[in-house]
Ligand SMILES: [Zn+2]
Ligand SMILES: [Zn+2]
């Protein structure tokens, strides 16, 4: 299978840009942007995901090749096939990412990307170790069935991931309007990493923000609302193993203790769901935030 | 590009970046949470938190708060930020006169309840599902 992995070539740029951001964040009002222990965990998760991804490729690549072999179509390597594949892969990423927030099984693999209370370029490298175990690759199989070359799909997926690196920063407030309208940007992605009720489970885009606008999950950033980063129940730990696996352990605990008829629900329902309504889902938190905002609004004069 | 040299280079880069972050002093300057931050942190707890009383612990960056439902939350620093968590059965409390010590996820919260010791004893006992 022909394939080109651009990721190793991007790593020096990642390192350089993180260095620049660290230097920029030295100013007193920005001191909370970085935390050495948090950076260590984020980068270690990034290195681990490289290894996990390489191991998973032993299975996922043959699966993509088999799916492509079954396809009645073969787009080949034409330039337009590359362009189409990148857009189609970004759409597949949108649904993978949305499912990663709405189904606890997939959330367990994605949560480590969100568990930092910091938002900086090193946060971008907090990638999963358990994506293969969660079966996240099934979201890209339809692309191979549709006739795209497996090598092309993997290259496009890697470029998509590289694109998402630079948007993990507070150093850029807004890009030009036309860019903000079409592309995923630091502003849009800050909303995605926020735990504020109004921002929860919004802006799932990888490269193009148009998918969120199309499927009703877009939320613009409001400058007056200070963002709290992280997850609803903050991890409160710099333990790498905890960061990588805590939600899997929580699922196991919940499934073990749940009544038989609810066991599966603790895996496939949304994060925060519980059979006795003792927890809060993102919709419940959002509703609470909306109600609070209504109560905060001064009554009209009529 | 061979994968082993790439991994070694990445590992070296990680060490350099973490050293740089430490060198520049990003090691979590612990700042006690302000009133607004405290309110936001507590509000983020499941079901919100209608705070009725809060006490600053002997370590001023930690706070213990109780809401109108009798739930008890502890707020502690985490690096340069803070986390709020609800006490539960996994938490434990000891009382020495008017001083309470709460253990929650390996962290310690100690405060002097003064004249309100009896009330706090009942609240904490209820919140942790046991006796203080
Ligand atoms: Zn996400
Ligand atoms: Zn992100």
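Chains as they are written, first to last, in our numbering: chain A, 7 to 308; chain B, -3 to 128.
Just so you know, even glycine gets a beta-carbon here, dropped at the ideal spot from N, CA and C.
Query: Closer than 7 Å to ligand 1: residues, by C-beta to nearest heavy atom, in chain order; Result: A:103, A:106, A:107, A:116, A:119, A:120, A:198, A:210
Query: Expected contact under 8 Å - CB spacing of residue 5 (chain A) and residue 156 (chain A) to nearest Å; Result: There is no way to answer for residue 5 (chain A), as the model of chain A reaches only from 7 to 308.
Query: 7 Å Cβ shell around residue 4 (chain A) - same chain, five flanking residues per side excluded; Result: This structure does not reach residue 4 (chain A), given that chain A is present from 7 up to 308, and the question cannot be answered.
Query: DSSP state of residue 61 (chain B) mapped onto helix, strand, coil; Result: strand
Query: Residue 200 (chain A) CB to nearest heavy atom of ligand 2 below 7 Å; Result: no
Query: Whole-angstrom distance between residue 127 (chain A) and residue 202 (chain A), CA atom to CA atom; Result: 21 Å
Query: Min CB distance residue 97 (chain A) to chain B below 8 Å; Result: no
Query: Cβ-Cβ separation, residue 69 (chain A) to residue 143 (chain A) (assumed contact under 8 Å), whole Å; Result: 7 Å
Query: Beta-carbon proximity check, residue 78 (chain B) vs residue 1 (chain B), cutoff 8 Å; Result: no
Query: Beta-carbon proximity check, residue 208 (chain A) vs residue 75 (chain B), cutoff 8 Å; Result: no
Query: Contact set between residue 56 (chain A) and chain B, taken where Cβ atoms lie within less than 9 Å; Result: -1, 2, 3, 6
Query: Where the alpha helix (DSSP H) containing residue 39 (chain B) begins and where it ends; Result: 31 to 39
Query: Segment limits, alpha helix (DSSP H) that includes residue 161 (chain A); Result: 156 to 169
Query: Residue 57 (chain A), buried or exposed, once every other Cβ within 10 Å from all chains shown has been counted against 16; Result: exposed
Query: Three-state secondary structure (DSSP) of residue 44 (chain A); Result: helix
Query: Burial state of residue 282 (chain A), where buried means 16 or more other Cβ atoms lie within 10 Å; Result: exposed
Query: Members of the stretch 191 to 202 of chain A that neighbour chain B once the beta carbon cut-off is set at 7 Å; Result: 201
Query: Contact set between residue 228 (chain A) and chain B, taken where Cβ atoms lie within less than 7 Å; Result: The premise fails here: residue 228 (chain A) is roughly 15 Å from chain B at the closest Cβ pair, so nothing lies under 7 Å.
Query: Cβ contact check for the stretch 146 to 153 of chain A and the stretch 82 to 100 of chain A: 3 or more pairs under 8 Å; Result: yes
Query: Per-residue DSSP class, three states only, for residue 38 (chain A); Result: coil
Query: Cβ of residue 29 (chain B) within 8 Å of any chain A Cβ; Result: no
Query: Contacting residues, own chain, Cβ-Cβ under 8 Å from residue 101 (chain A) (five flanking each side not counted); Result: 145
Query: Short CB-CB distance (under 8 Å) between residue 13 (chain B) and chain A; Result: yes
Query: Exposed unless 16 or more other CB atoms sit within 10 angstroms - verdict on residue 197 (chain A); Result: buried
Query: Alpha-carbon spacing of residue 66 (chain A) relative to residue 141 (chain A), whole angstroms; Result: 10 Å
Query: Residue 11 (chain B) and residue 25 (chain A) closer than 8 Å at C-beta; Result: no
Query: Interface partners of residue 59 (chain A) on chain B, CB under 9 Å; Result: The contacting residues do not exist; residue 59 (chain A) stays about 11 Å from chain B at best.
Query: Whole-number beta carbon distance between residue 63 (chain B) and residue 85 (chain B), since they are thought to touch under 8 Å; Result: That belief does not hold up - the Cβ atoms of residue 85 (chain B) and residue 63 (chain B) are roughly 18 Å apart, past 8 Å.
Query: Validate contact between the stretch 216 to 234 of chain A and the stretch 260 to 267 of chain A using beta carbons, cut 8 Å, 3 pairs; Result: no
Query: Cβ-heavy atom distance, residue 174 (chain A) to ligand 2, below 7 Å; Result: yes
Query: Residue 256 (chain A) CB to nearest heavy atom of ligand 2 below 7 Å; Result: no
Query: Reference residue 161 (chain A); option with closest CA among A:87, A:222, A:184; Result: A:87
Query: Three-way DSSP call (helix, strand, coil) for residue 189 (chain A) in this model; Result: strand
Query: Environment of residue 185 (chain A) [buried if 16+ CB atoms lie within 10 Å]; Result: exposed
Query: The stretch 268 to 281 of chain A contacting the stretch 109 to 116 of chain A, beta-carbon criterion three pairs below 8 Å; Result: yes
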